[in-house]
């Protein structure tokens, strides 16, 4: 308090000066000759939305399209973001200079932490003819081009009216710039009208990307059939009760479908109830028919859907991608006339039946997969991957990719199959596909999809446990020892098991979440390179890792079955080996491979005279493979933590580091205490300098150096700088 009169204490004119002086007096003095230790810690950032979909329902964000470096960009004004960000792909495609940050940053996002050390220091964003400058931090895995957070919003003096979706900015000359931007949900709807102009090849096929399907699909060689179990009689269900506003939505949907010819009035003895679900990409609700009763009496179509792992294996070596998503794909296939009455549904406004394939029918995915395979059969396994209505075009060079894009678009035109432009991506080096992110560097989990797992609440009933494990298990190839980690949770699903959520279940629950957010990028397999398999077994389960040239391709694990709990250690280790050979048959059969086990006697399994019946049976399977079995010391100090039977992740170090290096570390009495750090062990320049510096003082290394000069240490070499 200054003691003067004429003003309130809260508005004291000397208050700011006093605070500044106090801050200067209390500021810590940096010691001369020593750097500020706080500068070494990474900066912390936060972003709440990385896609327009996740921002759709947020009340405090506004989204619009503006000009950045003469190119259109999707810009999100987000008061919940601490900093401003730009996606790397947009910056690189539009030649925006990227430089290194003085300090790295860890950005908290819905999909987990994102590490970055790149920044675009000066980016011009033109809004209503006025150019504003911003510093944008570069991050990956973001579908919105630019996010403007609080650092930029404060700098520009931005005022956001979330209710009216308006933004007001203060220009440098004092002029106020006002814009009326879109909400994210409205933006997703506006994306429908985004033109194809300017996109190579795509601009030549505008008819493939209509705003709406042009009408009834043409007659095709494949029609949707509903074959019923013998003795099935028509099923008629009562309507579900709905609120008046829901009836209005149903009437709106019926009118649209009638106008397109997708449904027609019916006099069928069949009748199923309808319900409404939220549309993902637009406002409003979509009418769905509850066909569960029909599905129970339908003979299942055995046409195979491709294995997700097999699809990704085809992408090895690809550097450029394009993705095409068909528009209302099921409505592009007719139902066989004799089966149309079976699709009848009842509403307040009458009984109707589908003339085209509808969502919710059990065999719909199989029939549409059959259609797509027949259309693109000669392109599959060459440059096209298809999963139901998602088409991924890939190749190693842009020249071939251009020709492949033309072929795919021409084929779509010929068969009158139509795509949804707003969900398509072209000429990209990283693509989201089936819940994964694929690039030339390998395959990773999609952080947007993983956020569903990480935000999962603690299960309270077995059904919720099963749901969590099912979703997390979709990414089990990324998680070493998935089965061992999940064991406390799966025990709750056993018959007659009491549901008790203890510390063990909570630890497993938290560990699986953590593993998914920190999952490594897996390398795509190359059939021209040798495969190496590491196997491990314990009373907790079996675990295996498939690798090529020191890079992980996949993890696999499973818990022991009841009868296997009585196996001797020798048989358990052999069981792990057999499990790996069965799971990765499509990789290893006909290929020369090496298998490492930490049970020494397995090296001699082929020459062993006395074998029990189980071992003989397994040996017959093993003999079909061209492989070498090597001993991998699992109880050495160097990998004691990595292969610990008490550790969740008991193979990270031992399976990620070459066997020779493990042995060398053992001889030098080196070890790691934390397996996850060791699994990502990488020598950085500062570390290399420290190693060189301390090698000179290491007596054991000096002895090795002398032996090297005498030619007696062939497993060592000395580089140009004299470093062993």
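In UniProt numbering, the protein residues as written are 1 to 724. Yeah, the Cβ is synthetic: ideal placement off N, Cα and C, and Gly gets one too.
query: Counted within 10 angstroms of its Cβ, other Cβ atoms place residue 691 as buried (16 or more) or exposed; result: exposed
query: Segment contact flag, the region 306-313 with the region 425-441, C-beta cutoff 8 Å, min 3 pairs; result: yes
query: Alpha-carbon to alpha-carbon, residue 363 and residue 294; result: 11 Å
query: Any 3 or more C-beta pairs closer than 8 Å across the region 266-274 and the region 344-357; result: yes
query: CA nearest to the CA of residue 557, picked from 582, 571, 563, 98; result: 582
query: C-beta atoms of residue 425 and residue 323 nearer than 8 Å; result: yes
query: Closest Cα partner of residue 145 within the set 161, 159, 74; result: 74
query: C-beta contact flag for residue 225 and residue 389 at 8 Å; result: no
query: Residue 544, buried or exposed, once every other Cβ within 10 Å from all chains shown has been counted against 16; result: buried
query: Cα-Cα separation, residue 440 to residue 220; result: 37 Å
query: Counted within 10 angstroms of its Cβ, other Cβ atoms place residue 233 as buried (16 or more) or exposed; result: exposed
query: Sheet register partners of residue 544 (DSSP bridge); result: 535, 556
query: Unbroken stretches of the alpha helix (DSSP H), 4 residues or longer, contained in the region 347-414; result: 364-376, 398-414
query: Beta-carbon proximity list for residue 317, same chain, < 6 Å, skipping 5 on both sides; result: 396
query: Proximity to residue 555 [Cα-Cα], best of 565, 571, 515; result: 515
query: For residue 291, the three-state DSSP class (helix, strand or coil); result: coil
query: Residue 47 - DSSP class collapsed to helix/strand/coil; result: coil
query: Segment contact, 8 Å Cβ cut-off, at least three pairs: the region 495-505 with the region 532-542; result: no
query: The region 245-256 in contact with the region 200-219 per 3-pair CB rule at 8 Å; result: no
query: Separation of residue 497 from residue 567, as counted between CA atoms; result: 25 Å
query: For residue 286: DSSP bridge partner residues; result: 277
query: Pairwise C-alpha distance: residue 76 and residue 64; result: 7 Å
query: Nearest neighbour of residue 478, chosen from 446, 415, 82, 491 [CA to CA]; result: 446
query: Three-state secondary structure assigned by DSSP to residue 103; result: strand
query: Closest residue to residue 110 among 156, 616, 354, 142 (Cα-Cα distance); result: 142
query: Cβ shell of residue 268 (< 6 Å), same chain only, five flanking positions each side left out; result: 341, 344, 353
query: C-alpha gap between residue 610 and residue 443, whole angstroms; result: 44 Å
query: Outcome for residue 82 when other beta-carbon atoms lying within 10 angstroms are tallied against a minimum of 16; result: buried
query: Opening and closing residue of the alpha helix (DSSP H) in which residue 90 lies; result: 88-93
query: Nearest candidate by alpha-carbon position, reference residue 625, set 593, 605, 176; result: 593
query: Simplified DSSP state of residue 503, which is helix, strand or coil; result: helix
query: Reduced DSSP secondary structure (H/G/I, E/B, other) of residue 203; result: helix
query: Length of the line joining the Cα atoms of residue 461 and residue 469; result: 13 Å
query: Rounded C-alpha distance that separates residue 161 from residue 62; result: 9 Å
query: Where residue 685 sits in the DSSP three-state scheme; result: Its pLDDT being 44, under 50, residue 685 is placed unreliably by the model, and nothing is read from it.
query: Alpha-carbon to alpha-carbon, residue 525 and residue 127; result: 47 Å
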